[in-house]
Amino acid sequence: MMLTISTLLAVVFYFAAASIQFLKLKRRITLNGSIIKGCAIAGMLMHTFALYLVLHRPDGINLGTFIAGSLVGWLVAGVVVISSLRQQIDNLYIGVLPMAALAALTAIWLPNLGTTKLYSGGLLLHILLSILAYSIFTVATFQAFLLSMQDQALKQHHTRGLVSSLPPLQTMERLLFEMLWIGISLLTASLITGFIYVDDFFAQHLVHKTVFTMLAWLLYAVLLWGHKVQGWRAQKAVRWTISGFFLLMIGFFGSKMVIEVLNL
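Just remember that my numbering sits 2 ahead of the position in the sequence shown, which is counted from 1.
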(Lines of atoms letter the chains of each structure in order from A and count residues from 1; the text may use other names and numbers.)
(Lines give C-alpha, C1' and ligand atoms only; values in the text may rest on other atoms or scores of the structure.)
Protein backbone atom coordinates (compact mmCIF):
# COMPACT_ATOMS: atom_id res chain seq x y z
CA MET A 1 0.00 0.00 0.00
CA MET A 2 2.78 2.46 0.92
CA LEU A 3 4.51 1.68 -2.37
CA THR A 4 1.39 2.48 -4.38
CA ILE A 5 0.66 5.69 -2.46
CA SER A 6 4.23 7.02 -2.71
CA THR A 7 4.38 6.18 -6.42
CA LEU A 8 1.08 7.89 -7.19
CA LEU A 9 2.14 10.97 -5.23
CA ALA A 10 5.40 11.06 -7.19
CA VAL A 11 3.41 10.88 -10.45
CA VAL A 12 1.08 13.70 -9.35
CA PHE A 13 3.95 16.01 -8.34
CA TYR A 14 5.97 15.21 -11.47
CA PHE A 15 3.07 15.89 -13.82
CA ALA A 16 2.10 19.02 -11.87
CA ALA A 17 5.61 20.47 -12.25
CA ALA A 18 5.79 19.55 -15.95
CA SER A 19 2.29 20.89 -16.71
CA ILE A 20 2.83 24.19 -14.90
CA GLN A 21 6.18 24.65 -16.64
CA PHE A 22 4.51 23.99 -20.01
CA LEU A 23 1.77 26.54 -19.31
CA LYS A 24 4.38 29.02 -18.16
CA LEU A 25 6.34 28.46 -21.38
CA LYS A 26 3.19 29.13 -23.42
CA ARG A 27 2.69 32.30 -21.36
CA ARG A 28 -0.74 31.11 -20.24
CA ILE A 29 0.11 31.55 -16.57
CA THR A 30 2.60 33.58 -14.55
CA LEU A 31 3.95 31.68 -11.60
CA ASN A 32 7.00 31.80 -9.39
CA GLY A 33 9.54 29.22 -10.52
CA SER A 34 10.16 28.11 -6.94
CA ILE A 35 6.67 26.58 -6.83
CA ILE A 36 7.45 24.47 -9.91
CA LYS A 37 10.78 23.39 -8.44
CA GLY A 38 9.03 22.58 -5.17
CA CYS A 39 6.62 20.22 -6.99
CA ALA A 40 9.54 18.59 -8.82
CA ILE A 41 11.50 18.08 -5.59
CA ALA A 42 8.42 16.66 -3.84
CA GLY A 43 8.00 14.22 -6.74
CA MET A 44 11.60 13.15 -6.39
CA LEU A 45 11.24 12.57 -2.64
CA MET A 46 8.17 10.39 -3.17
CA HIS A 47 9.92 8.56 -6.00
CA THR A 48 12.93 7.97 -3.73
CA PHE A 49 10.75 6.29 -1.10
CA ALA A 50 8.97 4.19 -3.74
CA LEU A 51 12.28 3.07 -5.20
CA TYR A 52 13.57 2.04 -1.79
CA LEU A 53 10.49 -0.12 -1.26
CA VAL A 54 10.62 -1.76 -4.69
CA LEU A 55 14.39 -2.29 -4.85
CA HIS A 56 15.02 -3.80 -1.43
CA ARG A 57 13.67 -7.28 -0.81
CA PRO A 58 14.31 -9.58 2.16
CA ASP A 59 16.50 -11.84 0.03
CA GLY A 60 18.44 -9.16 -1.85
CA ILE A 61 18.03 -6.39 -4.43
CA ASN A 62 15.70 -6.54 -7.42
CA LEU A 63 17.06 -4.82 -10.54
CA GLY A 64 14.56 -6.10 -13.09
CA THR A 65 13.98 -4.20 -16.33
CA PHE A 66 11.15 -1.96 -15.13
CA ILE A 67 12.69 -1.32 -11.72
CA ALA A 68 15.98 -0.38 -13.38
CA GLY A 69 13.99 1.90 -15.68
CA SER A 70 12.41 3.59 -12.67
CA LEU A 71 15.87 4.05 -11.13
CA VAL A 72 17.15 5.64 -14.35
CA GLY A 73 14.08 7.90 -14.49
CA TRP A 74 14.69 9.00 -10.90
CA LEU A 75 18.37 9.75 -11.58
CA VAL A 76 17.55 11.69 -14.75
CA ALA A 77 14.93 13.73 -12.89
CA GLY A 78 17.44 14.35 -10.11
CA VAL A 79 20.15 15.56 -12.49
CA VAL A 80 17.74 17.96 -14.20
CA VAL A 81 16.15 19.29 -10.99
CA ILE A 82 19.51 19.83 -9.26
CA SER A 83 21.00 21.44 -12.38
CA SER A 84 17.98 23.74 -12.68
CA LEU A 85 18.82 25.24 -9.29
CA ARG A 86 21.92 26.91 -10.76
CA GLN A 87 21.13 27.32 -14.47
CA GLN A 88 18.11 27.96 -16.68
CA ILE A 89 17.06 24.52 -17.86
CA ASP A 90 13.60 24.37 -16.25
CA ASN A 91 12.00 23.63 -19.63
CA LEU A 92 13.60 20.18 -19.52
CA TYR A 93 10.98 19.41 -16.86
CA ILE A 94 8.39 19.16 -19.63
CA GLY A 95 10.00 16.09 -21.15
CA VAL A 96 11.96 14.58 -18.27
CA LEU A 97 9.45 14.58 -15.39
CA PRO A 98 6.60 12.79 -17.25
CA MET A 99 9.16 10.18 -18.34
CA ALA A 100 10.21 9.68 -14.70
CA ALA A 101 6.54 9.43 -13.68
CA LEU A 102 5.79 6.73 -16.27
CA ALA A 103 8.95 4.85 -15.30
CA ALA A 104 7.84 4.88 -11.64
CA LEU A 105 4.42 3.51 -12.62
CA THR A 106 5.83 0.68 -14.74
CA ALA A 107 7.93 -0.49 -11.79
CA ILE A 108 4.79 -1.34 -9.79
CA TRP A 109 2.13 -2.05 -12.43
CA LEU A 110 3.89 -4.06 -15.13
CA PRO A 111 5.04 -7.64 -14.55
CA ASN A 112 8.33 -7.81 -12.71
CA LEU A 113 10.66 -9.84 -14.90
CA GLY A 114 13.73 -9.51 -12.72
CA THR A 115 15.03 -11.79 -10.02
CA THR A 116 16.20 -10.78 -6.56
CA LYS A 117 19.93 -11.24 -6.02
CA LEU A 118 22.64 -10.56 -3.49
CA TYR A 119 25.38 -8.50 -5.16
CA SER A 120 29.00 -8.11 -4.13
CA GLY A 121 30.32 -4.61 -3.44
CA GLY A 122 32.35 -4.51 -6.66
CA LEU A 123 29.44 -5.65 -8.80
CA LEU A 124 27.12 -3.12 -7.16
CA LEU A 125 29.67 -0.40 -7.97
CA HIS A 126 29.70 -1.52 -11.61
CA ILE A 127 25.89 -1.49 -11.78
CA LEU A 128 25.68 1.93 -10.11
CA LEU A 129 28.24 3.43 -12.51
CA SER A 130 26.37 1.96 -15.49
CA ILE A 131 23.04 3.40 -14.38
CA LEU A 132 24.61 6.79 -13.60
CA ALA A 133 26.25 6.90 -17.04
CA TYR A 134 23.00 5.93 -18.77
CA SER A 135 21.13 8.61 -16.82
CA ILE A 136 23.63 11.34 -17.74
CA PHE A 137 23.47 10.36 -21.42
CA THR A 138 19.65 10.44 -21.21
CA VAL A 139 19.78 14.05 -19.98
CA ALA A 140 22.36 14.85 -22.69
CA THR A 141 19.97 13.45 -25.30
CA PHE A 142 17.14 15.69 -24.09
CA GLN A 143 19.60 18.56 -24.18
CA ALA A 144 20.56 17.60 -27.73
CA PHE A 145 16.92 17.69 -28.86
CA LEU A 146 16.50 21.17 -27.35
CA LEU A 147 19.75 22.30 -28.95
CA SER A 148 18.57 21.05 -32.34
CA MET A 149 15.23 22.87 -32.03
CA GLN A 150 16.97 26.04 -30.90
CA ASP A 151 19.51 25.93 -33.72
CA GLN A 152 16.85 25.42 -36.39
CA ALA A 153 14.62 28.13 -34.93
CA LEU A 154 17.46 30.66 -34.89
CA LYS A 155 18.35 29.84 -38.50
CA GLN A 156 14.73 30.57 -39.45
CA HIS A 157 14.78 33.76 -37.31
CA HIS A 158 12.14 32.42 -34.91
CA THR A 159 12.96 33.84 -31.51
CA ARG A 160 9.72 33.39 -29.61
CA GLY A 161 8.31 30.59 -27.47
CA LEU A 162 10.79 27.90 -26.44
CA VAL A 163 13.82 29.62 -27.97
CA SER A 164 13.29 32.82 -26.02
CA SER A 165 13.25 30.88 -22.73
CA LEU A 166 16.49 28.99 -23.35
CA PRO A 167 20.04 30.10 -22.58
CA PRO A 168 22.17 31.29 -25.55
CA LEU A 169 23.08 28.66 -28.14
CA GLN A 170 26.74 28.66 -27.05
CA THR A 171 25.69 27.97 -23.45
CA MET A 172 23.43 25.12 -24.57
CA GLU A 173 26.29 23.58 -26.54
CA ARG A 174 28.67 23.94 -23.60
CA LEU A 175 26.17 22.24 -21.27
CA LEU A 176 25.73 19.40 -23.76
CA PHE A 177 29.45 18.69 -24.02
CA GLU A 178 29.91 19.00 -20.24
CA MET A 179 27.30 16.26 -19.80
CA LEU A 180 28.93 14.14 -22.50
CA TRP A 181 32.32 14.37 -20.75
CA ILE A 182 30.75 13.35 -17.44
CA GLY A 183 28.82 10.54 -19.13
CA ILE A 184 31.81 9.06 -20.94
CA SER A 185 33.90 9.23 -17.75
CA LEU A 186 31.24 7.25 -15.89
CA LEU A 187 30.84 4.84 -18.80
CA THR A 188 34.61 4.25 -18.90
CA ALA A 189 34.63 3.49 -15.18
CA SER A 190 31.64 1.19 -15.68
CA LEU A 191 33.42 -0.80 -18.40
CA ILE A 192 36.59 -1.10 -16.32
CA THR A 193 34.75 -2.30 -13.19
CA GLY A 194 32.73 -4.68 -15.36
CA PHE A 195 35.86 -6.35 -16.70
CA ILE A 196 37.23 -6.56 -13.15
CA TYR A 197 34.21 -7.76 -11.18
CA VAL A 198 32.04 -9.67 -13.67
CA ASP A 199 33.33 -13.25 -13.56
CA ASP A 200 32.09 -14.76 -16.82
CA PHE A 201 30.55 -12.59 -19.56
CA PHE A 202 29.54 -15.61 -21.64
CA ALA A 203 27.84 -17.47 -18.79
CA GLN A 204 25.86 -14.37 -17.85
CA HIS A 205 24.96 -13.51 -21.49
CA LEU A 206 26.58 -10.09 -21.25
CA VAL A 207 28.65 -10.15 -24.44
CA HIS A 208 26.02 -8.42 -26.63
CA LYS A 209 25.39 -5.79 -23.95
CA THR A 210 29.13 -5.11 -23.65
CA VAL A 211 29.53 -4.85 -27.44
CA PHE A 212 26.75 -2.26 -27.75
CA THR A 213 28.14 -0.33 -24.76
CA MET A 214 31.64 -0.26 -26.24
CA LEU A 215 30.26 0.88 -29.61
CA ALA A 216 28.42 3.70 -27.83
CA TRP A 217 31.60 4.61 -25.93
CA LEU A 218 33.54 4.73 -29.22
CA LEU A 219 30.88 6.92 -30.82
CA TYR A 220 30.87 9.38 -27.92
CA ALA A 221 34.68 9.42 -27.87
CA VAL A 222 34.81 10.28 -31.58
CA LEU A 223 32.22 13.03 -31.03
CA LEU A 224 34.23 14.59 -28.19
CA TRP A 225 37.43 14.34 -30.27
CA GLY A 226 35.63 15.92 -33.24
CA HIS A 227 34.36 18.76 -31.07
CA LYS A 228 37.78 19.48 -29.57
CA VAL A 229 39.92 19.02 -32.69
CA GLN A 230 37.57 19.62 -35.63
CA GLY A 231 35.18 22.03 -33.97
CA TRP A 232 32.05 19.92 -34.47
CA ARG A 233 28.96 21.75 -33.23
CA ALA A 234 25.17 21.97 -33.28
CA GLN A 235 23.45 19.49 -35.61
CA LYS A 236 26.44 17.16 -36.01
CA ALA A 237 26.80 16.97 -32.23
CA VAL A 238 23.07 16.30 -31.93
CA ARG A 239 23.14 13.42 -34.44
CA TRP A 240 26.12 11.73 -32.80
CA THR A 241 24.66 12.16 -29.31
CA ILE A 242 21.35 10.58 -30.29
CA SER A 243 23.07 7.73 -32.17
CA GLY A 244 25.21 6.92 -29.13
CA PHE A 245 22.18 6.94 -26.86
CA PHE A 246 20.35 4.58 -29.24
CA LEU A 247 23.21 2.08 -28.96
CA LEU A 248 23.23 2.40 -25.17
CA MET A 249 19.47 1.89 -25.02
CA ILE A 250 19.72 -1.32 -27.05
CA GLY A 251 22.62 -2.54 -24.94
CA PHE A 252 21.14 -1.66 -21.54
CA PHE A 253 17.39 -2.22 -21.86
CA GLY A 254 17.16 -4.28 -25.05
CA SER A 255 19.59 -6.92 -23.90
CA LYS A 256 18.15 -6.93 -20.37
CA MET A 257 14.61 -7.37 -21.68
CA VAL A 258 15.57 -10.25 -24.00
CA ILE A 259 17.45 -12.05 -21.23
CA GLU A 260 14.59 -11.72 -18.73
CA VAL A 261 11.73 -12.49 -21.15
CA LEU A 262 13.47 -15.53 -22.63
CA ASN A 263 14.82 -16.46 -19.19
CA LEU A 264 18.34 -16.88 -20.57
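For each residue, glycine too, the CB sits at the ideal point set by N, CA and C.
Just so we're clear, the structure is a prediction, and the values are computed from it rather than from any experiment.
Item, Value
"Pick out whichever of Lys28, Met4, His128, Gly71 has its Cα sitting closest to the Cα of Ile198.", "His128"
"If Val13 and Ala146 are in contact, beta carbons under 8 Å, what's the gap, nearest whole angstrom?", "Their Cβ separation, rounded to whole angstroms, is 26 Å, which puts Val13 and Ala146 out of contact at 8 Å."
"Would you kindly report the start and end of the unbroken alpha helix (DSSP H) that includes Gly35?", "35 to 57"
"Could you tell me the distance, in whole angstroms, from the CA atom of Ala20 to the CA atom of Lys26?", "10 Å"
"Roughly how many angstroms separate the alpha carbons of Leu266 and Arg29, rounded to a whole number?", "With a pLDDT of only 49 at Leu266, under 50, the local geometry of the prediction cannot be trusted, and no value is derived from it."
"Compute the distance between the beta-carbons of Gly185 and Val213, then report whether it is under 9 Å.", "no"
"So for Gly233, helix, strand or coil by DSSP?", "coil"
"Residues in the same chain with beta-carbon distance under 8 Å from Trp76, minus the five sequence neighbours each way, listed in chain order, please.", "Met46, His49, Thr50, Leu53, Ala102, Ala105, Ala106"
"Using the Cα positions of Trp234 and Phe179, report the straight-line distance between them to the nearest angstrom.", "11 Å"
"Less than 9 Å between the C-beta atoms of Val83 and Ala42, yes or no?", "yes"
"Could you compute how far the alpha carbon of Gly35 sits from the alpha carbon of Val141?", "21 Å"
"Could you tell me whether the Cβ of Leu87 comes closer than 9 Å to any Cβ of chain D?", "Annotation note: the requested chain D is absent from the structure, which comprises a single protein chain."
"Give the DSSP bridge partners of Gly62, in chain order.", "Arg59"
"Kindly indicate which three-state DSSP category Pro100 falls into: helix, strand or coil?", "helix"
"For Asp153, count neighbouring C-beta atoms within 10 Å of its own C-beta (all shown protein chains included) and say buried if the count is 16 or more, exposed if not.", "buried"
"Once DSSP output is grouped into helix, strand and coil, what is the label at Gln172?", "helix"
"Do the CB positions of Gln158 and Tyr95 come within less than 9 Å of each other?", "no"
"Cutting at 7 Å between CB atoms, please list the residues of its own chain near Gly97, excluding the five before and the five after it.", "Phe144"
"Could you check where the alpha helix (DSSP H) with Ile133 kicks off and where it finishes?", "123 to 157"
"Going by DSSP in three states, Arg29 sits in which element: helix, strand or coil?", "coil"
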